[in-house]
Each structure stands twice: as structure tokens, then as C-alpha cells.
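Undergrad:
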Amino acid sequence: MGISTIANAALIVVDFQNDFCPGGTLAVPHGDEILPAIQDLIDQFTQSGRPVAMTQDFHPPHHVSFQEQGGPWPPHCVQGTVGCDLHPDLKVPMTAAHFYKGFSDRIDAYSGFEGRLADQQQGITDTDLESWLRGQAADTVYIVGLATDYCVRATALDALARSFDTRVISNAVRGVNVSWGDSDRALAELKKAGARVEPWIPTA
Ligand code: VGL
Ligand code: ZN
């Protein structure tokens, strides 16, 4: 898979944030190992003038998904904390669009399609990922990031439901695996739903 295939594509980098990487409060095992593949994809898309979207969990301090509120997760990606920041070694171009999700106290959001475009001046806007992708003339999405069995899965299922040609990059995702095999099951489910699951071969 190479550069010629990305003409109508957008790259979606899902939740590559400190709290989901080793050392974070909801660390995905080996989550940071996908950094070189993600960086290569970001660079290739940017050099080709193709759009890059970063989705980001952006939770308030007492979010409904946290265990103190009866939710399944430890606190993570709390607004204004380092854990909420994107991985510091990732070079994100100025042109990348940032979609925040899970920012309301009582509503969780795994899928990037539930997020809203965050603008430097205006803050969180009304623009969602689907309308933004359509505005970029993208009919194909390459999905990478964390976590395979939660936010990557939900984002890919939503992309398929909206008829995007959906490619999940197998060497640029990692899963939580609360139960053994969750990530493999998620990838099998995505294939069955019509996604291509394939590796990205970095350019030399
Ligand atoms: C995620 C659990 C809770 C994810 C987000 O990004 O996959 N997982 N919040
Ligand atoms: Zn979350």
C-alpha cells in the first residue's frame, strides 16, 4: 500500500494521547510502539496534500465513564492535564484538524464521528467529522491509533455506516484487551463489516 492509493483519502489518528500510552492512567500495552507508523502516515498524507484528523478524548474531571461515577474506566484524558495531550513525540502538522469527544459530563463517546472540530479561536465548534471529511472530498479513510477494541473499532464502524471506504492499518493500532483476544475480535468484526485491515509499509 503506497502513496498512490491515498488520493481521495483522509487519515484519522484516534486518541494517540498520553493517558493511553505506557505511563498513562489507561495505558494500552505497547501503545507507543505505533508512533513510527503513525508518523510516516501523517508525513505521507501531509506531503500529498491530503487531510489529517486527530481525534482526542476530552473528558471533564468527573466524567460519566470514570469508575467514581459508576463507569468502567479510571480517570483519563481529563481536560487541561498532560494525560489529555497528544503524545509529545508525534509531529502533528499545523494543518491537522482536531476533533474532541466525550466532553460532556454525562455522555461518553468512543467514535470520532461523535466528536466536534476544535478550533484555535472558536473552541469546540458544531462541525463533525463526517461533514469535515465530505468537505475535504474524502471518500476513503485510513484509521490508526488507540484503542483497537474501543475507539478505533467504534470510529471504523461509524465510517463504514457512512459508506466511507474504510482501511484499518493493522500495524498502527493497539488494543486494551480487557478480555484476552478483544482486539483480534474487533479486527475480525471490522473485516466482516467491510473494512480492509492491512499494514502500512513505511517508505524508506
Ligand atoms: C478509549 C476507553 C475509554 C479509547 C477512550 O480511546 O479507545 N477507551 N475512553
Ligand atoms: Zn474516554
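With our numbering applied, the sequence shown corresponds to residues 308 to 511, in that order.
Heads up, the beta-carbon is just placed ideally off N, CA and C, and yes, glycines get one too.
Extract the residue ranges of the beta strand (DSSP E) inside the region 379-408, only unbroken runs of 3 or more that lie entirely within it.
TA: Listed in chain order, they are 404-408.
Undergrad: Hey, how far is the Cα of Val320 from the Cα of Val389?
TA: Straight-line Cα distance between these residues: approximately 18 Å.
Undergrad: Please state if the CB of Trp507 and the CB of Asp347 are separated by a distance shorter than 8 Å.
TA: Result yes, Cβ atoms of Asp347 and Trp507 sit closer than 8 Å.
Undergrad: Name, in chain order, the residues that DSSP records as bridge partners for Glu505.
TA: Paired residue(s): Ile476.
Undergrad: Classify Asp364 as helix, strand or coil using the three-state DSSP reduction.
TA: Three-state result, Asp364: strand.
Undergrad: Check whether the Cβ of Ser372 lies closer than 7 Å to any heavy atom of the ligand VGL, and answer yes or no.
TA: It does: the Cβ of Ser372 is within 7 Å (strictly closer) of some heavy atom of the ligand VGL.
Undergrad: For the ligand VGL, is there a heavy atom less than 7 Å away from the beta-carbon of Cys458?
TA: Yes; taking the cut-off as 7 Å, the Cβ of Cys458 has a heavy atom of the ligand VGL nearer than that.
Undergrad: Look at Pro381 and Asp412 and say whether their C-beta atoms are less than 8 Å apart.
TA: Not a contact, by the Cβ cut-off of 8 Å.
Undergrad: Run through DSSP, which three-state label would Gly419 get?
TA: Gly419: helix per DSSP, three-state reduction.
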